[in-house]
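Q:
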Amino acid sequence: MKKIFLLAVLASGLAFGQTKKVATSDVQWWGYKIAKSEASSHNGTVKVKSGEMVMKGNQLVGGSFVLDMTSINATDLSGEYQQKLNGHLKNGDFFEVEKFPTATFKITGVKKNNDKVYSSLVTGNLTVKGKTNAISFPAKISYANGTVSLVSNKFSIDRQKFDVAYKSTMQDVLVKDDMDLLVKVTAK
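Below is the structure:
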């Protein structure tokens, strides 16, 4: 009887997938000004608060991630300018982190991509500031020794779809709608 129960547990794990917890992550962002100047773009990081990837055999089939928006940090500046930009990104001008401290991404599908390096296309629902939109991005996914790794190619999202709008008198005349992201996540 114990063998049948153990076999049932193993079979259910194969049918529904194995969940791997995020062990390391690196999420980078780039934002661009429309006017070309020395400071025509900014870039930085945001931390993954928690997450998991679901594997069925050696294939990624799902997962979800929580981004800690309070950790958003401009890395192209330092000192007073960095503090000002970080405050600007966190306040009502952009991400309103006091009201929306996290953002989430839930994988809804992974399929083959016609790229030799980024051979998977990951699709999912990104929720920022309470607004959810479907996004897709090319990724390199590997699975070995119980560890799954996902590395995206740089991809763009339209910040306006998430109500991430520059709240100033010049509004969005100064800032491009597209912002770029690059995601690296490892789960065990």
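Residue numbers (mature numbering (1 follows the signal peptide of the UniProt record, and there is no 0)): -17 to -1, 1 to 171.
Even for Gly, the Cβ is constructed at its ideal location relative to N, Cα and C.
Keep in mind the model is a prediction, meaning the values are calculated, not measured.
#1: Using three-state DSSP, classify lysine 67 as helix, strand or coil.
#2: Three-state secondary structure (DSSP) at leucine 109?
#3: Under a three-way DSSP split, which group does residue 175 fall into?
#4: Hey, how far is the Cα of aspartate 161 from the Cα of threonine 53?
#5: Assign alanine 127 to one of two classes, buried (16 or more other C-beta atoms within 10 Å of its C-beta) or exposed (fewer than that).
#6: What span of residues does the beta strand (DSSP E) with lysine 95 cover, start to end?
#7: If you draw a straight line from the C-alpha of arginine 142 to the C-alpha of alanine 148, how long is it?
#8: Excluding five sequence neighbours on each side, which residues of the same chain lie with their C-beta closer than 8 Å to the C-beta of threonine 28?
#9: Identify, in the order they occur along the chain, each residue of the same chain with its Cβ nearer than 6 Å to the Cβ of leucine 133, setting aside the five sequence neighbours on each side.
A: Taking the geometry as given:
#1: helix
#2: strand
#3: The structure shown does not extend to residue 175, since the chain is modelled only from -17 through 171, so no value can be given for it.
#4: 21 Å
#5: Exposed, since its Cβ has fewer than 16 Cβ neighbours within 10 Å.
#6: Start and end: 85 to 95.
#7: 7 Å
#8: Result list for threonine 28: Asp9, Val10, Gln11, Trp12, Ser54, Ile55, Asn56 and Thr58, in chain order.
#9: Ala122, Ile124 and Val168
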